[in-house]
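Count along the sequence shown starting at 1, add 198, and that's the number in the working numbering.
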Amino acid sequence: MLDLEDAVRPEARQRARDAIHAADLDWSRIVIRIKDGASPHFAADSALLADLRAGAVLLSKAESAATLETVRRAAGRDLELIPQVETARGRAFLAKLLAVDGGRRTAFGHLDIAVDLRRAPDWDALALARSMLVLHSRLADAAAPIDSVTPDIRDIDRLWTEADAACRFGFGGKQLIHPSQVAAVAAAFAPSDADLDRVERVIAACSQGGTGAIALDGKMIDKPVEEDAARRILARAAQRRG
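Written out as structure tokens, the structure is:
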């Protein structure tokens with residue numbers, strides 16, 4: 199991700215845009231994060247997209263479907279739009295944000311939404327907000343949302359704990375701010391050996407036939423539910439390998 203929001207000081211914004219414009223990159227793999235629609239820098243950030251073939255754009259503090267449409271028109275082509283939910287209004291209009299053409303997933307920004315909601319930025323205080331992102335993404339048949347950053351790049355234990363929690367909540371990934379965070383987050387989102395072992399036993403048990411409840415490890419399990427969960431775990435494992 200190339201960040202034109204928090205990572206760039208106001209006086210350096212044009213230099214940052216020029217540097218991105220001149221970069222020789224595989225743009226299909228690049229996400230550009232731009233300022234929100236209320237920012238005086240929004241128009242210039244959006245205009246940059248017309249000359250690049252970035253795979254996606256992440257709109258910070260997304261609150262309006264109309265703003266996402268403006269970004270898409272500025273790009274002059276179809277691309278993935280990722281609205282970052284960082285305010286109460288963004289949370290309230292999630293369904294409309296995901297209904298925009300190209301809006302295939304959302305991202306969460308816990309620090310800004312905590313300020314807007316006048317809450318602490320910890321997991322317990324923002325559990326409902328995170329759950330609603332997952333719920334609305336599922337209702338829209340969108341990809342699993344992307345969780346927020348862990349700001350402390352030195353605390354790898356906390357990073358892993360938060361990434362693991364995000365995975366269990368139903369998030370599909372996590373934003374990072376430093377290369378040192380990649381390994382821990384990849385490990386947290388990858389199925390464990392125990393997960394894969396259980397998947398093999400679920401598949402073996404389900405292959406015995408029947409359509410209702412079956413026994414596994416002395417417990418009754420629902421075959422369709424367990425088969426679906428097993429497929430999702432195998433898909434996660436394949437994604438991490440790829």
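We put the beta carbon where it would ideally sit given N, CA and C, even for glycine.
Note that this is a predicted model, so its numbers are computed, not measured.
(request) Please report the residue range of the beta strand (DSSP E) in which I375 lies. (result) Careful: I375 lies outside any beta strand (DSSP E) and carries neither H nor E.
(request) Let me know the alpha helix (DSSP H) ranges lying completely inside the segment 297-379, each 4 residues or longer, listed in chain order. (result) Correct list: 308-315, 325-337, 354-367.
(message) Tell me the DSSP secondary structure of Q212 in three-state form.
(response) helix
(message) Quick test of the definition: if touching needs 3 or more C-beta pairs under 8 Å, does the segment 262-280 touch the segment 306-321?
(response) no
(message) For the alpha helix (DSSP H) containing A273, name the first residue and the last one.
(response) A273 -> alpha helix (DSSP H) spans 263-273.
(request) Locate the beta strand (DSSP E) running through L246, then write down its first and last residues. (result) Premise fails: L246 lies in the alpha helix (DSSP H), 240-246, not in any beta strand (DSSP E).
(request) Just tell me which of E278, D339, A286, T268 has its CA closest to the CA of R227. (result) E278
(request) Report yes if the C-beta distance between H334 and A297 is below 8 Å; otherwise report no. (result) no
(request) Determine the contact status of R366 and A340, defining contact as a CB-CB distance below 8 Å. (result) No.
(request) Please go through the same chain and pick out, in chain order, the residues whose beta-carbon is closer than 6 Å to the beta-carbon of F387, but skip the five residues on each side of it. (result) C365
(message) Suppose you measure from the CA of A452 to the CA of D204; what does that come to, to the nearest Å?
(response) Given that the chain is displayed from residue 199 to residue 440, the structure contains no residue 452 and the question cannot be resolved.
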